[in-house]
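The number in the numbering used here is simply the position in the sequence shown, starting from 1, with 175 added.
Where a beta carbon is used, it is the ideal one built from N, C-alpha and C, also for glycine.
All values derive from a computational prediction rather than experimental measurement.
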Amino acid sequence: MGRGVLRPDLAATHLRLARHKPSDLLAPFVDYYWIPRWDLRGQPPYEQTILPHPNVHLVFEASGAGIFGVDRRLFTRSLSGLGLAVGVRFAAGGFRPFWQAPISQLTDRVVSAARLFGPRAEKTRQAIICAGSGARECDGAGGDDAGRDDQADARMIGYAESLLCSVLPERDPVAEQVGALVSRITDDPGLRRVDELSAASGMTARTLQRLFADYVGVSPKWVMRRARLHEAAERADSGEPVDWALLASDLGYADQAHLTRDFTVTIGVSPARYTAPGTVRLRGRRSGGGRDGAQGQRRTAAGAVEGRLDVPDDHGGLGADLLRREPEHDHLVSRHPPAPRERLRMVLGRHVPFP
């Protein structure tokens with residue numbers, strides 16, 4: 176499943192997750208495309224918790240198309256019914272040339288893809304969902320289901336790449352330099368302090384802070400902390416006994432207590448409870464469900480009619496908090512107004528990107 180997907184063994188029993196490399200033209204900007212599929216018809220909803228990475232995502236699903244900034248919180252996403260999504264994970268810093276404004280504008284926020292791509296975003300979403308739905312209708316009909324999925328993936332990715340190429344910017348050497356710095360951090364969770372990164376890069380700590388806010392959306396210190404937590408969570412999910420004191424030392428914590436505190440604050444439970452037999456419910460911010468979630472789904476259905484979006488009433492339990500969140504941040508993305516005469520369409524479901 177990849178780092179950031181907590182309880183990956185359990186997740187694999189409820190959904191399939193495919194990843195695909197971008198074309199050479201888009202490789203400087205995009206890490207990969209990710210496509211989750213699930214079929215939980217006749218089963219209770221499944222909650223998947225995600226520990227996000229320092230990447231911007233563009234996501235297409237039945238409920239809409241959205242641009243998702245770096246989310247600094249833990250998320251729990253509820254999946255139900257039959258569904259899929261197509262996501263574009265941009266390289267750290269890779270979305271900055273498209274957005275042409277500080278990526279910190281998008282941190283902890285989500286905006287309609289129409290802000291950047293205009294009406295092409297909705298047309299692309301419809302084409303992607305149609306291609307994915309056609310493959311799902313064939314599932315279980317015999318033959319090579321994996322082959323059908325691969326063919327559908329290729330079509331859906333082709334539509335996404337066409338959209339990206341329609342606004343393809345020039346390569347930004349600063350974005351690629353910042354991306355390399357993020358990779359250095361994530362490849363070495365033992366990189367402990369900003370001053371160490373400063374010495375390695377030849378940049379002052381202040382310059383690093385400014386570049387990361389502009390191109391990544393979060394501070395270098397946050398990226399370091401998240402890289403250490405990804406490593407700790409992966410060790411915890413490995414099924415092998417974990418020497419937490421040794422791991423704390425390896426990751427640069429002062430002692431085990433500091434790792435335990437960081438893990439507990441972010442994941443929601445202590446390392447000991449996380450690795451205990453049985454499933455412990457994680458306290459991520461929910462992306463749907465409950466009474467508020469049900470009311471939100473009714474509002475999204477109404478919004479779909481008003482916005483002329485051809486979407487089903489049931490969005491696979493994807494949640495509806497975007498209806499509250501996107502209008503709050505309209506002023507922060509004023510450099511990307513909707514295209515003339517186009518009615519801005521709301522992204523209906525709050526999709527939590529898979530890493």
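What are the start and end residues of the alpha helix (DSSP H) that includes residue i?
i	result
Ala380	Ala380 to Tyr390
Ser376	Val369 to Ser376
Pro395	Pro395 to Ala411
Ser424	Trp419 to Asp425
Ile278	Where Ile278 is concerned, there is no enclosing alpha helix (DSSP H), given that its DSSP letter is neither H nor E.
Val150	Look at the range of the chain in this structure, 176 to 530, and you will see that residue 150 is not part of it.
Ala596	The question about residue 596 has no answer, for the chain in this structure spans 176 to 530.
Pro446	Pro446 to Thr450
Which stretch, first to last residue, makes up the beta strand (DSSP E) that contains residue i?
i	result
Pro211	Val205 to Leu215
Ala267	Careful: Ala267 lies outside any beta strand (DSSP E) and carries neither H nor E.
Arg359	Looking at the DSSP string, Arg359 is not in any beta strand (DSSP E); the run it does join, the alpha helix (DSSP H), is Pro348 to Asp362.
What does residue i pair with, by DSSP beta-bridge criteria?
i	result
Ile242	Leu233 and Val286
Gln223	Arg252
Val258	The displayed chain sequence assigns Gly, not Val, to residue 258. According to DSSP, which records beta bridges pairwise, Gly258 is partnered with Trp213.
His195	Tyr208
Val263	Tyr208 and Leu233
Val180	Ile225
Among residues of its own chain, excluding the 5 on either side of residue i, which ones have a beta-carbon nearer than 7 Å to its beta-carbon?
i	result
Met176	Pro183, Ala186, Ala187 and Leu192
Lys196	Tyr207
Asp221	The residue asked about is misnamed: residue 221 is Tyr in this sequence, not Asp. Only His189, Leu215 and Leu254 meet the Cβ criterion.
Gly179	Ile225, Leu226, Pro227, His228, His405 and Pro530
Gly465	For Gly465, the predicted structure reports a pLDDT of 36, less than 50, and the residue's modelled location is therefore unreliable. A value from the coordinates is still provided. Nothing listed; no residue qualifies.
Ala350	Gly268, Gly269, Arg271, Pro272 and Tyr390
Val508	Here the model assigns Val508 a pLDDT of 44, short of 50, so the residue's position is not dependable and the matter cannot be decided.
Asp430	Ala423
Taking Cβ to Cβ, would you say residue i is nearer than 8 Å to residue j?
i	j	result
His261	Tyr207	Inspection of the sequence shows that residue 261 is occupied by Val rather than by His. It is not a contact, given that the beta carbons lie outside the stated cut-off.
Tyr390	Gly268	yes
Leu426	Ala407	yes
Val393	Pro277	no
Leu226	Leu281	no
Asp347	Arg271	yes
Val285	Gly241	yes
Val205	Val245	no
Phe273	Pro344	yes
Val369	Leu356	no
Leu249	Gly443	yes
Ala432	Ser279	no
For residue i, which residues from the same chain have a beta carbon less than 6 Å from its beta carbon, with the 5 sequence-adjacent residues on both sides left out?
i	result
Asp505	Because Asp505 sits at a pLDDT of 45, beneath the cut-off of 50, its placement in the model cannot be relied upon, and the point is left open.
Arg212	Arg191 and Leu259
Val353	Gly268, Leu386 and Tyr390
Arg381	none
Pro515	Note that Pro515 scores a pLDDT of 36, beneath 50, so its modelled location is shaky; the value from the coordinates is reported in the next line. Closer than 6 Å at Cβ, skipping near neighbours: no residue.
Ile303	Phe235, Val261, Met331 and Tyr334
Asp199	none
Gln275	none
Met378	none
His232	Phe243, Gly262, Arg264 and Pro528
Ile210	Ala193, Val261 and Asp328
Suppose the cutoff is 8 Å on Cβ atoms and the five residues either side in sequence are ignored; what does the same chain contact list for residue i look like?
i	result
Ile360	Leu366, Leu372, Pro395, Val398, Met399 and Ala402
Leu338	Phe292, Arg295, Ala296 and Thr299
Ser341	Phe292 and Arg295
Glu409	Arg178
Asp412	Leu181, Arg182, Pro183 and Asp184
Pro446	Ala407, Ala411, Val417, Trp419, Leu434, Thr435, Phe438 and Thr439
Ala469	For Ala469, the predicted model reports a pLDDT of 33, less than 50, meaning its position is unreliable and no value from the coordinates is stated.
Thr450	Ala411 and Val417
Leu201	Glu336, Leu339, Cys340 and Leu343
Taking CB distances under 8 Å as the criterion, tell me whether residue i reaches chain B.
i	result
Val444	No chain B is part of this structure, which consists of one protein chain only.
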